[in-house]
Amino acid sequence: MADVEAFYLKNKTFKAADILWNNIPKISDNAAVIFEPRIYPNFSFTLNNFVHFLSEHNFSFYIFHSKENEKQVMDITKGRQNINYICFSEGNSTRDIYNDTLKSVEFYESIPCKRMLIFQTDSWIRTKGLEKFMDYGYIGAPHRNWEGTSMNGGLSLRNKQVCIDIIKKLGEEGKKTHHWEDTFFSVGCFEFFPELYPTLDVAKQFSSEWMFDSRSIGTHKFWYTVIDPQQRKHLMTITL
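Under the UniProt record's numbering, the first residue of the sequence shown carries the number 1, and numbering increases by one thereafter.
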C-alpha cells in the first residue's frame, strides 16, 4: 500500500483547469455521479481527475454528499453553481443505503441524462478513450476472468434507461437475490440486454480491478488484487 499512498501524495495538489470546471454543464446527456459522505483526504484529487478527463465528453456532475463533508465539497468545487449538489445524509452512510439507492428507479429518474458514469474515491481515470465504451448498457472492471461475470460498480458507465428497465424486470425478488448493486445490474444487462453487454476483453479495456490490463483507461481499488509492482506502477501512471 506504500506505493498507493505515494501516488495519492504525489497527486494531492492536482487541479483540473478552471476553464474545465467552469464549462461543466448543469444538465447533459452524460452525467458523472459520486456518493461520498465522508471527509476524505483524496476527495480533491478524485473530483479534479474526473473533471479533467470527462470535460471533452460534456459530462454534468452530481455530488451526493453529507452535512459533515459539505464544506470540503464546496472548498474543492469553489461552490460553483454549475455543479449539482445533493445532501443525502447528516454524516457517514452505509453500504446498504448506497446499494438500495442505486437499485431504485427514483434515483435514475432524478438525474436528467441518457448515460451515467458512477465513480468513487478509490477510482480514477488514467488516460483518454472513454468514447469507446459509451454505447454499452453497463460496463465496469470484471470481477473475475470469465465471460458473463459481474462487473464492478465503483467505476462504471451505465445507460440510464437500461438500468431502469433492469430494476423493473428483476423486481424486488431480484434485489434480494443480488444484494450488491453492481452484480444486480451486471446480471440484468447480461440477461435482458445481451447485445449491450461487453465482452470480457472490452470490460478489461475499460477498467482494472481484479485483474490487470495495460489498456485499461480507468482503475478501481486494484491494490488488493494486482500484486505485480510493474503492473501497479502502470495503473498509477496518468497520461494527461
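Here a beta-carbon is modelled for each residue, glycine too, at the ideal position from N, C-alpha and C.
Check                                                                                            : Outcome
Beta-carbon proximity list for Arg158, same chain, < 6 angstroms, skipping 5 on both sides       : Met116 and Tyr138
C-beta neighbour in chain D for Ile83, strict 7 angstroms                                        : The structure shown has no chain D; it contains just one protein chain.
Same chain, Cβ closer than 6 angstroms to Ser89, neighbours up to 5 away in sequence not counted : Pro37 and Ser66
Buried versus exposed, by CB contacts within 10 Å (16 or more), Ser110                           : exposed
Nearest-angstrom beta carbon gap, Tyr197 and Cys163 [assumed within contact, 8 angstroms]        : So it is not a contact: roughly 13 angstroms between Cβ atoms.
Rounded C-alpha distance that separates Thr121 from Glu195                                       : 31 angstroms
Ser28 to Ile86 span [Cα, whole Å]                                                                : 17 angstroms
Pair within 7 angstroms by beta-carbon distance, Asn11 and Phe35                                 : no
Among Phe53, Arg95, Leu47 and Asn99, nearest to Asp75 - alpha-carbon criterion                   : Leu47
Reduced DSSP category for Thr219 - H, G, I as helix; E, B as strand; rest coil                   : strand
Identity of the residues DSSP links to Leu157 by a beta bridge                                   : Leu117 and Ile139
Terminal residues of the beta strand (DSSP E) in which His52 lies                                : It is not in any beta strand (DSSP E) - His52 instead sits in the alpha helix (DSSP H) that spans Phe43 to Leu54.
CB-CB length for Thr237 against Arg126, believed under 8 angstroms                               : 7 angstroms
Closest residue to Asn145 among Phe190, Trp124 and Thr199 (Cα-Cα distance)                       : Thr199
First and last residue of the uninterrupted beta strand (DSSP E) at Ala2                         : From DSSP, Ala2 is part of no beta strand (DSSP E) but of the alpha helix (DSSP H) over Ala2 to Lys10.
Gly148 and Phe190 closer than 7 angstroms at C-beta                                              : yes
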